[in-house]
Amino acid sequence: MPVAGIDIGSLSTEVVILHEGKIAAAVILPTGASSKTAINRAMGQALLQSGFSLDALERIVATGYGRVSVPFAHEKVTEITCHGRGAHFLDPAVRTVIDIGGQDSKVICLNGQGKVVDFLMNEKCAAGTGRFLEVMCQALEVDLDDFSRLAGRTGKTVPISSMCTVFAESEVVSLIAEGYPREQIIRGIIDSIVERTELMANRIGIMGKLMMTGGVAKNQAVVQALQEKLGTKIEVPEEPQLVGALGAALLAQEEM
Ligand SMILES: Nc1ncnc2c1ncn2[C@@H]1O[C@H](COP(=O)(O)OP(=O)(O)OP(=O)(O)O)[C@@H](O)[C@H]1O
Ligand SMILES: [Mg+2]
């Protein structure tokens, strides 16, 4: 019987449909202004991909900050549990998961069965998240791909001292006006996000194999810098944004 997981994040919405233990559909869409519209659109596309009707889905588990607004969900589960479950499925050796999404970041510790044994979450401010990176890209007039590419062009860093996204944005605008090369400012932005993540990782303590999930795992410059800072290899799944929805679908399957 097919089941589905749906993850409604602040910036992206994902649906994964599982059938007989295999992924029958996987969709990633921007959440946009209306999470309701995003949910319907993402589920519509996933149903089309899989060939199933909504009624055919035996169980649907929703996660993400918008999980409360999924009308057809049978159950709502936290992102912590879902990212942990998804990461464990992709690699059972993983014991620590770092999820950096649009508006929050988390470090999750798992046991050998993929159960969450501890976690830390920063949801107080956008600094150190994907949204922070997007605001900085706008200020620098580069897209996310250029951001990673430009970061690789220099070893020099202009430190960003502001801890808050709003102040950091005006600091970046001033640095551009003062003529600092964009590459060096980008390295400063990466350092700031990496240092925040390292603080969380050190507080909780990294155990065993480390996997990064969430959209920021697609930012190669951030992953590279974080690997160097933590002194350990970071595994990035093929589609890090799908891990929460995959975990939700796996939980739906297990409950059957
Ligand atoms: N192709 C890409 N290259 C680089 N970075 C990317 C790419 N796609 C997404 N991102 C980053 O991922 C972030 C969004 O991550 P994600 O989709 O996991 O957020 P979310 O789940 O909606 O947020 P949250 O879980 O905090 O509510 C973007 O802000 C951006 O920084
Ligand atoms: Mg998310």
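To convert, take the position in the sequence shown, counting from 1, and add 116; that gives my numbering.
Ideal placement from N, C-alpha and C gives every residue a C-beta, glycine not left out.
Source: prediction; values computed, not measured.
1) Which residues neighbour ligand 2 when neighbourhood means a C-beta less than 5 Å away from any of its non-hydrogen atoms? List them by chain order.
2) Secondary structure at G160, three-state DSSP: helix, strand or coil?
3) On a Cα-Cα basis, can you pick out the residue from T147, M316 and L134 that is closest to F235?
4) Hey, out of V310, N335, Q165 and V339, whose CA is closest to G244's CA?
5) Excluding five sequence neighbours on each side, which residues of the same chain lie with their C-beta closer than 6 Å to the C-beta of K272?
6) How about T153: is its Cβ closer than 7 Å to a heavy atom in ligand 1?
7) Check whether the Cβ atoms of A267 and I306 sit closer than 8 Å, and answer yes or no.
8) Need the endpoints of the alpha helix (DSSP H) that N335 sits in, please.
9) Starting from L173, trace the beta strand (DSSP E) both ways and give me its first and last residue.
10) Looking only at DSSP bridge pairs, what is I263 linked to?
11) Measuring CB to CB, does V177 end up less than 8 Å from H190?
12) Around the C-beta of F283, are 16 or more other C-beta atoms found within 10 angstroms, so that it is buried, or is it exposed?
13) Taking contact to mean at least 3 C-beta pairs separated by less than 8 Å, is the segment 337-344 in contact with the segment 120-127?
14) Kindly give me the distance between the Cβ atoms of T212 and M323, rounded to whole angstroms, as I take these residues to be in contact under 8 Å.
15) Between S264, I350, G331 and L326, which has its C-alpha nearest G304's C-alpha?
16) Are there 16 or more other CB atoms within 10 angstroms of the CB of N335, so buried, or fewer, so exposed?
17) Work out the CA separation of A333 and Q229 for me, nearest whole Å.
18) Could you please give the first and the last residue of the uninterrupted alpha helix (DSSP H) stretch that includes E371?
19) According to the Cβ coordinates, are I276 and V289 closer than 8 Å?
20) Got a sec? Which residues, its chain only, sit under 8 Å from Y296 by beta carbon, not counting five neighbours each side?
21) Mind listing, in chain order, the continuous beta strand (DSSP E) runs of no fewer than 3 residues lying wholly within the segment 263-305?
22) Quick one: Cα of S308 to Cα of V258, how far?
23) From what residue to what residue does the alpha helix (DSSP H) around A203 run?
24) Taking the alpha-carbon of M372 as reference, which of E174, G360, I292 and C198 has the nearest alpha-carbon?
25) With a 10 Å radius around its C-beta and 16 neighbouring C-beta atoms as the bar for buried, classify C198 as buried or exposed.
26) Pick from E136, T281 and E130: whose alpha carbon is nearest that of G330?
Well, looking at it:
1) If you measure from each CB to the nearest heavy atom of ligand 2, the residues under 5 Å come out as G125 and G217.
2) One-based indexing of the sequence shown puts residue 160 at position 44. G160 falls in the helix class under three-state DSSP.
3) Translated into the one-based positions of the sequence shown, residue 235 becomes position 119. Measuring C-alpha to C-alpha distances from F235 to each of T147, M316 and L134 identifies M316 as the nearest.
4) Taking the first residue of the sequence shown as 1, we reach residue 244 at position 128. Of the listed residues, the one whose Cα sits closest to G244 is V310.
5) By one-based count along the sequence shown, residue 272 stands at place 156. Q300.
6) For the purposes of this step, residue 153 is taken as the residue at position 37 of the sequence shown. Because no heavy atom of ligand 1 lies under 7 Å away, the Cβ of T153 does not count as near it: no.
7) For the purposes of this step, residue 267 is identified with residue 151 of the sequence shown, where counting begins at 1. For the purposes of this step, residue 306 is identified with residue 190 of the sequence shown, where counting begins at 1. Yes. Within cutoff.
8) For the purposes of this step, residue 335 is taken as the residue at position 219 of the sequence shown. Element bounds for N335: n/a, residue is neither H nor E.
9) Taking the sequence shown and counting its residues from 1, one reaches residue 173 at position 57. First-last for L173: undefined, no H or E at that position.
10) Along the sequence shown, read from residue 1 onward, the residue named residue 263 stands at position 147. With the sequence shown as reference, residue 263 is identified as Phe, and Ile is not the correct amino acid for it. When DSSP reads this structure, F263 sits in no beta bridge, so it has no partner.
11) Locating residue 177 in the sequence shown gives position 61, where the first residue counts as 1. Locating residue 190 in the sequence shown gives position 74, where the first residue counts as 1. Taking 8 Å as the Cβ cut-off, V177 and H190 qualify as a contacting pair.
12) Here residue 283 corresponds to residue number 167 of the sequence shown, with the count starting at 1. With a 10 Å radius around the Cβ and a threshold of 16 neighbouring Cβ atoms, F283 comes out exposed.
13) At 8 Å Cβ cutoff, the stretches do not touch.
14) Within the sequence shown, the letter at position 96 stands for residue 212. Within the sequence shown, the letter at position 207 stands for residue 323. The distance from the Cβ of T212 to that of M323 is about 6 Å, consistent with a contact at the 8 Å cut-off.
15) What you label residue 304 is simply residue 188 of the sequence shown in a count that begins at 1. Looking only at S264, I350, G331 and L326, the smallest Cα-Cα distance to G304 is reached by S264.
16) Numbered from its first residue, the sequence shown carries residue 335 at position 219. With 16 or more other CB atoms across the displayed protein chains lying within 10 angstroms of its CB, N335 is buried.
17) Position 113 of the sequence shown, counted from the start, is the residue given in the question as residue 229. Position 217 of the sequence shown, counted from the start, is the residue given in the question as residue 333. Going by the C-alpha atoms only, they are around 24 Å apart.
18) Taking the first residue of the sequence shown as 1, we reach residue 371 at position 255. V359 to E371 is the extent of the alpha helix (DSSP H) around E371.
19) Indexing the sequence shown from 1 puts residue 276 at position 160. Indexing the sequence shown from 1 puts residue 289 at position 173. Result no, Cβ atoms of I276 and V289 do not sit closer than 8 Å.
20) If you number the sequence shown from 1, residue 296 lands on position 180. Within the same chain, and ignoring the five residues on either side of Y296 in sequence, the residues whose Cβ sits closer than 8 Å to its Cβ are V274.
21) The qualifying runs do not exist here; there are none.
22) In the sequence shown, counting from the first residue as 1, residue 308 sits at position 192. In the sequence shown, counting from the first residue as 1, residue 258 sits at position 142. Between the alpha carbons of S308 and V258 lies a distance of about 18 Å.
23) Here residue 203 is taken as the residue at index 87 of the sequence shown, counted from 1. A203 -> alpha helix (DSSP H) spans E195 to L206.
24) Numbered from 1 along the sequence shown, position 256 holds the residue referred to as residue 372. The shortest C-alpha separation from M372 is found at E174.
25) Stepping through the sequence shown from its first residue, residue 198 is reached at position 82. Buried: at least 16 other Cβ atoms inside 10 Å.
26) Locating residue 330 in the sequence shown gives position 214, where the first residue counts as 1. Nearest of E136, T281 and E130 to G330, Cα basis: E130.
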